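First the structure, in the form of structure tokens, and then the observations on it.
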Amino acid sequence: MWQQVEIELKPYSRGFHLITEEIEQAIINFPRVRCGLLHVFIKHSSASLTINENADPTVRDDMERHFNQFIPENAPYYRHTYEGPDDMPAHIKASTLGSSVTIPLKNGKINLGLWQGIYLGEHRDYGGSRTIVITINGE
Amino acid sequence: MWQQVEIELKPYSRGFHLITEEIEQAIINFPRVRCGLLHVFIKHSSASLTINENADPTVRDDMERHFNQFIPENAPYYRHTYEGPDDMPAHIKASTLGSSVTIPLKNGKINLGLWQGIYLGEHRDYGGSRTIVITINGE
Amino acid sequence: MWQQVEIELKPYSRGFHLITEEIEQAIINFPRVRCGLLHVFIKHSSASLTINENADPTVRDDMERHFNQFIPENAPYYRHTYEGPDDMPAHIKASTLGSSVTIPLKNGKINLGLWQGIYLGEHRDYGGSRTIVITINGE
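Here is the structure:
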């Protein structure tokens, strides 16, 4: 059984944001999957999806500060600069963190660990609304 | 055809460890899949799964030294520090390396390259036993 | 419905390369999938697959320069050095970027964003021809 839906996230500020509830809400009316997989894909090359700690907002802040340090703006070797200093680092962050997450489904639930949530990594200063595709397959 | 199993890995020390055989052992009694995919997911935000070289243990050691250098402990910008200096770097490593791997299945075998194995990245000093979910889908 | 094919890419020089068309060509005769997923896997531990910007070649060049800076050759802590200075960084890049990408399929098309393409990351100086496994599942 396949289900697929494309949704627009509300615009988020630059940084990392928990979007687990937005994903859950988007699939709430899908038929219940006893055993399967959830795939979430972001259709942009300057934002990312990843899984990390779901409780303490300082984790998301520290992630943002870390990646700004090690994937810096204005590196002297960047040539792709015409869209602004936040653009090329955003592309590198997107590939470092990834464009999709795949998570087990079990008895109708997204089977994340107790302390895991789905993060949007918004890597542009003004990225606007981002499109994601949610695909469910299972039985 | 779907198969899913949740297992506890034995506790591993901080660093990278080959767990291909533990995965193979966990699915040894599953029905044979001619064509499909294997998904392995770790239910923790301070450990990771990745695929890398399966022969020389110094690759795993060099990986550990590299990520300790570029995702350091005690960075001055960390705020999430109350669980110890190994905690926030562990979260960043988890997102950099990823929480799951997906690998082709072919004629009943995990179709890795000759030099590839599945790594657990244990990023805490004392992470204890980690839970992973193995999902197989195919025909 | 499952389809799987293993192909050899032509040899690429060290750096990042758009291979979306090679993937599309490899699956052109597969039955049309209305809703499903495409999985692409690279059977090597010194090359990677990732998704990024598909229009400006300087993005690929900047990616190469960035990862050479932050995953350097000849780091003093490397022990796995007998295959040359490009070898250990190649392994670290492979795990940082990933060995596979999973992308939604919709109405017979790979449902990438307008500005997204599939990149091969060739991390060796002379990596030669790389083997990838393409798996499609859907209905």
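Residue numbers (the working numbering), protein chains in the order written: chain A, 2 to 140; chain B, 2 to 140; chain C, 2 to 140.
No residue lacks a Cβ here, since even glycine has one placed at the ideal position from N, Cα and C.
Note that the coordinates shown come from a computational prediction; the quantities given were computed from them, not determined experimentally.
Look up residue i in the DSSP assignment and say whether it is helix, strand or coil.
i	result
T1/B	Absent from the structure is residue 1/B, since the part of chain B shown begins at 2 and ends at 140.
T82/A	coil
E140/C	coil
E7/B	strand
I28/B	coil
P105/C	strand
What do you reckon, are the CB atoms on residue i and residue j nearer than 7 Å?
i	j	result
A48/B	I135/B	no
H92/C	V60/B	yes
G122/A	L98/A	yes
Y83/B	D63/A	no
S46/A	W116/C	yes
V1/B	V102/B	Residue 1/B lies beyond the range of chain B shown here (2 to 140); nothing can be said about it.
S96/B	N53/A	yes
L106/A	G139/A	yes
K94/A	F71/A	no
L38/C	I111/C	no
I137/C	F31/C	yes
Ends of the alpha helix (DSSP H) at residue i?
i	result
V60/A	58 to 71
Which residues mark the beginning and the end of the beta strand (DSSP E) in which residue i is found?
i	result
A48/C	48 to 54
I43/A	36 to 43
Tell me the DSSP bridge mates of residue i?
i	result
H18/B	L121/B
Assuming residue i contacts residue j (C-beta within less than 8 Å), just tell me the rounded distance between them.
i	j	result
P90/A	P73/A	7 Å
I29/C	I133/C	So it is not a contact: roughly 16 Å between Cβ atoms.
L50/C	Y120/C	7 Å
R33/A	G85/A	Not a contact, Cβ separation roughly 45 Å.
H81/B	D87/B	So it is not a contact: roughly 12 Å between Cβ atoms.
E23/B	L10/B	6 Å
Measuring only from the beta carbon, is residue i closer than 6 Å to any heavy atom that is part of the ligand SAM?
i	result
Y13/C	The ligand SAM is not part of this structure, which contains no ligands at all.
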